[in-house]
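In what follows, a structure is listed as structure tokens, so that the remarks can point back to it.
Numbering (my numbering), first residue to last: 0 to 254.
Below, the structure is given as structure tokens:
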């Protein structure tokens with residue numbers, strides 16, 4: 000099997016894939032795409048670990064964490080269970096996350112989000128694992144917390160980036176990788192991220208689908224999957240006046 004891409008963010012355990020999860024995985028590998036399954040809470044974390052253990056794919060991993068939307072549920076017991084799950088499955092768990100701050104929709108309080116994220120940062124640092132990061136409308140607090148973990152920043156990725164060139168610069172100053180999705184293909188709303196992606200060094204760039212969401216144009220309206228990550232790479236290559244092969248090579252090495 001010759002792989003060309005790593006989709007660093009695939010929500011494969013979501014209900015949208017319940018009827019054909021095996022086919023989705025097989026199609027991904029056939030298209031030359033390995034993937035990292037996103038965990039967002041203990042239920043999806045455990046489901047991802049169990050699925051990958053059973054499937055024994057060579058080029059598939061997962062993250063285990065807690066999305067900021069779920070931070071109101073965070074306590075010492077939750078923390079203990081998450082830590083134990085990761086420690087038992089180090090070969091499968093590629094990163095701690097999804098984790099971060101989201102002040103856009105506010106499904107959890109700011110106080111609980113910051114407390115949860117601070118604990119997650121400590122967990123990732125203690126385990127020497129990367130972070131798979133989420134930030135929406137919370138840049139100031141997010142950067143304040145991340146600055147306390149400089150080494151961790153340099154091995155972590157801010158996923159599903161849709162922000163401005165200035166925001167990208169600040170994350171790059173921390174040392175983070177930046178993950179770009181099919182949002183980059185949507186000319187109706189991609190203006191800021193288009194300018195940002197032109198300035199991201201290739202050695203800090205990653206690509207992802209965030210499937211089943213954010214299906215790239217021209218396939219908008221269909222369920223997204225990892226086979227579409229190629230379109231993200233091709234759009235980036237077009238915007239940066241590069242060959243798709245150069246973007247393919249760089250993002251593969253970073254993934």
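Where is the CB? At the ideal position from N, CA and C, for every residue including glycine.
Is the beta carbon of residue j closer than 8 Å to that of residue i?
{"i": "residue 212", "j": "residue 218", "result": "no"}
{"i": "residue 2", "j": "residue 38", "result": "no"}
{"i": "residue 134", "j": "residue 141", "result": "yes"}
{"i": "residue 181", "j": "residue 160", "result": "no"}
{"i": "residue 128", "j": "residue 152", "result": "no"}
{"i": "residue 203", "j": "residue 171", "result": "yes"}
{"i": "residue 225", "j": "residue 43", "result": "no"}
{"i": "residue 70", "j": "residue 117", "result": "no"}
{"i": "residue 162", "j": "residue 195", "result": "yes"}
{"i": "residue 6", "j": "residue 208", "result": "yes"}
{"i": "residue 84", "j": "residue 45", "result": "yes"}
{"i": "residue 49", "j": "residue 66", "result": "no"}
{"i": "residue 120", "j": "residue 158", "result": "no"}
{"i": "residue 185", "j": "residue 231", "result": "no"}
Grab the span of the alpha helix (DSSP H) containing residue i for me, first residue to last.
{"i": "residue 22", "result": "20-29"}
{"i": "residue 193", "result": "190-196"}
{"i": "residue 152", "result": "149-152"}
{"i": "residue 41", "result": "41-54"}
With 16 as the cutoff for other CB atoms within 10 Å, does residue i come out buried or exposed?
{"i": "residue 223", "result": "buried"}
{"i": "residue 76", "result": "exposed"}
{"i": "residue 250", "result": "buried"}
{"i": "residue 188", "result": "exposed"}
{"i": "residue 97", "result": "buried"}
{"i": "residue 143", "result": "exposed"}
{"i": "residue 205", "result": "buried"}
{"i": "residue 47", "result": "buried"}
{"i": "residue 22", "result": "exposed"}
{"i": "residue 244", "result": "exposed"}
{"i": "residue 200", "result": "exposed"}
{"i": "residue 165", "result": "exposed"}
{"i": "residue 123", "result": "buried"}
{"i": "residue 12", "result": "buried"}
{"i": "residue 254", "result": "buried"}
{"i": "residue 145", "result": "buried"}
{"i": "residue 19", "result": "exposed"}
Looking at the unbroken beta strand (DSSP E) that takes in residue i, where does it start and where does it end?
{"i": "residue 165", "result": "Here residue 165 belongs to no beta strand (DSSP E); instead the alpha helix (DSSP H) covers 164-173."}
{"i": "residue 91", "result": "That residue, residue 91, is in no beta strand (DSSP E); it is neither H nor E in DSSP."}
{"i": "residue 9", "result": "4-9"}
{"i": "residue 160", "result": "Run containing residue 160: none; DSSP gives neither H nor E here."}
{"i": "residue 102", "result": "Taken as a continuous stretch (DSSP letters only), residue 102 belongs to no beta strand (DSSP E), as it is neither H nor E."}
{"i": "residue 176", "result": "176-179"}
{"i": "residue 62", "result": "59-63"}
{"i": "residue 35", "result": "32-36"}
Would you mind giving the Cβ-Cβ distance between residue i and residue j, rounded to the nearest angstrom? I have them listed as a contact below 8 Å.
{"i": "residue 176", "j": "residue 156", "result": "4 Å"}
{"i": "residue 183", "j": "residue 234", "result": "5 Å"}
{"i": "residue 8", "j": "residue 35", "result": "7 Å"}
{"i": "residue 99", "j": "residue 126", "result": "Incorrect: roughly 17 Å between the Cβ atoms, too far for contact."}
{"i": "residue 95", "j": "residue 51", "result": "With 8 Å as the limit, residue 95 and residue 51 do not qualify as a contact, their Cβ atoms being about 16 Å apart."}
{"i": "residue 197", "j": "residue 239", "result": "6 Å"}
{"i": "residue 247", "j": "residue 4", "result": "7 Å"}
{"i": "residue 56", "j": "residue 24", "result": "7 Å"}
{"i": "residue 115", "j": "residue 92", "result": "Between residue 92 and residue 115 the Cβ distance is about 18 Å, and since that is not below 8 Å, they are no contact."}
What I want to know is whether the C-beta of residue i ends up closer than 7 Å to one or more non-hydrogen atoms of the ligand ZN.
{"i": "residue 222", "result": "Absence of the ligand ZN is noted for the structure shown, with no ligands found whatsoever."}
### Start-end ranges of the beta strand (DSSP E) lying completely within the segment 108-144, minimum 3 residues
Fully enclosed beta strand (DSSP E) runs of 3 or longer: 130-135.
### Task
For the segment 188-246, list the alpha helix (DSSP H) runs that are entirely contained and at least 4 residues long, ordered along the chain.
190-196 and 228-238
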